[in-house]
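*Asks:* The structure's right below; bear with me while I get my questions together.
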Amino acid sequence: MDDIQALRTYLDETGKASRRYLPTRREGEHLQVIAVVNFKGGSGKTTSAAHLAQHLALQGFRVLAVDLDPQASLSALHGYQPEFDVEENGTLYGAIRYDDSRRELSDIIRRTYFPLLDIVPANIELMEFEHETPKALAQRQSGDPLFFARVATVLGSVEANYDVVVIDCPPQLGFLTLSALCAATAVLIPVHPQMLDVMSMSQFLLMTSDLLEVVAKAGGNMNYDWMRYLVTRYEPGDGPQAQMVGFMRSLFGDRMITNMMLKSTAISDAGITKQTLYEVPREQFTRSTYDRAMESLDGVNGEIQNLMQVAWGRT
Ligand SMILES: Nc1ncnc2c1ncn2[C@@H]1O[C@H](COP(=O)(O)OP(=O)(O)OP(=O)(O)O)[C@@H](O)[C@H]1O
Ligand SMILES: [Mg+2]
Numbered sequence: 054m055d056d057i058q059a060l061r062t063y064l065d066e067t068g069k070a071s072r073r074y075l076p077t078r079r080e081g082e083h084l085q086v087i088a089v090v091n092f093k094g095g096s097g098k099t100t101s102a103a104h105l106a107q108h109l110a111l112q113g114f115r116v117l118a119v120d121l122d123p124q125a126s127l128s129a130l131h132g133y134q135p136e137f138d139v140e141e142n143g144t145l146y147g148a149i150r151y152d153d154s155r156r157e158l159s160d161i162i163r164r165t166y167f168p169l170l171d172i173v174p175a176n177i178e179l180m181e182f183e184h185e186t187p188k189a190l191a192q193r194q195s196g197d198p199l200f201f202a203r204v205a206t207v208l209g210s211v212e213a214n215y216d217v218v219v220i221d222c223p224p225q226l227g228f229l230t231l232s233a234l235c236a237a238t239a240v241l242i243p244v245h246p247q248m249l250d251v252m253s254m255s256q257f258l259l260m261t262s263d264l265l266e267v268v269a270k271a272g273g274n275m276n277y278d279w280m281r282y283l284v285t286r287y288e289p290g291d292g293p294q295a296q297m298v299g300f301m302r303s304l305f306g307d308r309m310i311t312n313m314m315l316k317s318t319a320i321s322d323a324g325i326t327k328q329t330l331y332e333v334p335r336e337q338f339t340r341s342t343y344d345r346a347m348e349s350l351d352g353v354n355g356e357i358q359n360l361m362q363v364a365w366g367r368t
């Protein structure tokens with residue numbers, strides 16, 4: 054990967070190639086912040102966020118993955134065990150906390166073994182933000198920035214180093230998730246196509262829209278470049294799932310990512326060893342299993358990359 058990146062840089066610097074090989078953002082293009090949200094547990098948020106972040110890094114984007122879930126699955130996938138490897142004030146909470154122990158986000162960000170991919174790891178201390186925010190709201194002086202601006206502000210402090218930020222949200226609609234939604238320029242909602250999951254998602258969206266209305270009235274930013282539903286753990290042979298997908302397509306139309314994330318033992322098996330499908334060798338699986346999973350992942354992530362290009366106004 055380092056060699057490929059060096060080649061991209063070389064080709065662009067010599068200026069002889071007819072195209073650009075580094076996809077990094079150019080003048081006037083904003084940092085994209087993609088929030089992966091849904092309060093239904095197990096809807097595939099972390100799996101989608103991890104594969105998206107790694108896909109974009111492989112393509113040559115400078116990526117910051119933010120683990121906002123106290124359960125820290127995204128961190129664990131990248132080798133940071135929340136109990137052992139993440140010190141006090143080592144999560145995003147360290148940068149958005151209300152008291153004097155606050156630190157610079159740049160001191161919290163860690164490298165991953167993936168070229169171009171950095172991470173803000175998580176652990177249980179993130180829960181403090183849920184407890185401290187109501188207190189801060191009660192003591193707030195007029196003119197103080199509100200809680201929802203905090204994540205956006207700290208991301209702004211490292212913006213020059215990245216093209217895109219991918220935030221893995223916790224499965225709940227708390228202050229962390231709301232703050233992520235306010236920092237986001239785009240929203241991805243993974244959903245497993247089953248009745249109870251879709252009902253739960255619709256509850257989530259109703260509650261979110263009520264809360265965001267309040268936040269917007271208080272001056273929160275609610276402009277998104279795009280918002281998409283992503284069907285996860287899809288099993289093509291499953292009749293009811295196919296029906297549910299049809300129903301969602303008729304309701305949501307082009308708000309759905311056309312490709313779907315297939316349910317695959319290649320993805321869940323890779324997860325057992327804390328890896329993504331981009332990290333395991335193809336020989337480790339039945340080829341057709343691996344290829345099907347990879348094709349579905351590339352389809353999904355390619356579409357998202359396309360949405361990013363459009364948001365930057367590229368053709
Ligand atoms: N496409 C897939 N194929 C097979 N297994 C999958 C797939 N996507 C997710 N899984 C498995 O489903 C489980 C839940 O996925 P994941 O952790 O991504 O969901 P989540 O929404 O982040 O959960 P939580 O709400 O707890 O944060 C994991 O064990 C994961 O390995
Ligand atoms: Mg998760």
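Following the numbering used here, the numbering of the sequence shown begins with 54 at its first residue and continues without gaps. Glycine residues also receive a C-beta, built at the ideal position from the N, C-alpha and C atoms.
(1) Indicate, with yes or no, if ligand 1 has a heavy atom lying under 6 Å from the CB of Thr326.
(2) Taking 6 Å as the cut-off, is the CB of Arg286 close to at least one heavy atom of ligand 1?
(3) Express the C-alpha separation of Ala271 and Ile149 in angstroms, rounding to a whole number.
(4) For the candidate residues Ile162, Phe228, Ile242, whose alpha-carbon lies nearest to that of Ala102?
(5) Hey, Phe92 and Pro224: beta-carbon distance below 7 Å or not?
(6) Can you check DSSP and say which residues form a bridge with Ile87?
(7) Measuring CB to CB, does Thr285 end up less than 7 Å from Met314?
(8) List the whole-angstrom C-beta distance separating Gln358 from Leu109, where the pair is believed to meet the contact cut-off of C-beta under 8 Å.
(9) Would you mind working out which of Cys222, Gly299, Ser126 sits nearest Met248, comparing C-alpha positions?
(10) Using a Cβ-Cβ cutoff of less than 6 Å, which residues in the same chain neighbour Glu141 once the five nearest sequence positions on both sides are dropped?
(11) Sort Ser195, Leu158, Gly227 by Cα distance to Pro187 and report the nearest one.
(12) Identify which residue in His131, Pro135, Tyr282, Val116 has its Cα closest to the Cα of Gln124.
(13) Applying the criterion that 16 or more other CB atoms from any shown protein chain within 10 Å of the CB defines a buried residue, is Gly143 buried or exposed?
(14) Buried or exposed: Ile172, going by 16 or more other Cβ atoms within 10 Å of its Cβ?
(15) Are there 16 or more other CB atoms within 10 angstroms of the CB of Tyr287, so buried, or fewer, so exposed?
(16) Given the structure, does Ser126 come close to ligand 2, in the sense that its CB is under 6 Å from one of the ligand's heavy atoms?
(17) What does the alpha-carbon distance come out to for the pair Thr165 and Thr318?
*Replies:* According to the structure data:
(1) No, the Cβ of Thr326 stays beyond 6 Å of every heavy atom of ligand 1.
(2) Result yes, Cβ under 6 Å from ligand 1.
(3) Taking the straight line from one Cα to the other gives about 19 Å.
(4) When each option's Cα is compared against that of Ala102, the closest is Ile242.
(5) Their beta carbons are under 7 Å apart, which means Phe92 touches Pro224 by this criterion.
(6) Bridge partners of Ile87: Val219, Ala239.
(7) With respect to the 7 Å criterion, Thr285 and Met314 are classified as neighbours on the basis of their beta carbons.
(8) Contact between Gln358 and Leu109 holds, since their C-beta atoms are separated by about 7 Å, short of 8 Å.
(9) Here the closest residue by C-alpha is Gly299.
(10) Cβ within range, chain order: n/a, list empty.
(11) Residue Gly227 is the option with its Cα nearest to Pro187.
(12) Closest in alpha carbon position to Gln124, among His131, Pro135, Tyr282, Val116, is Pro135.
(13) Gly143 should be labelled buried.
(14) It is buried - the Cβ of Ile172 has at least 16 other Cβ atoms within 10 Å.
(15) Classification for Tyr287: buried.
(16) Within the cutoff, so yes.
(17) Whole-angstrom Cα-Cα distance: 25 Å.
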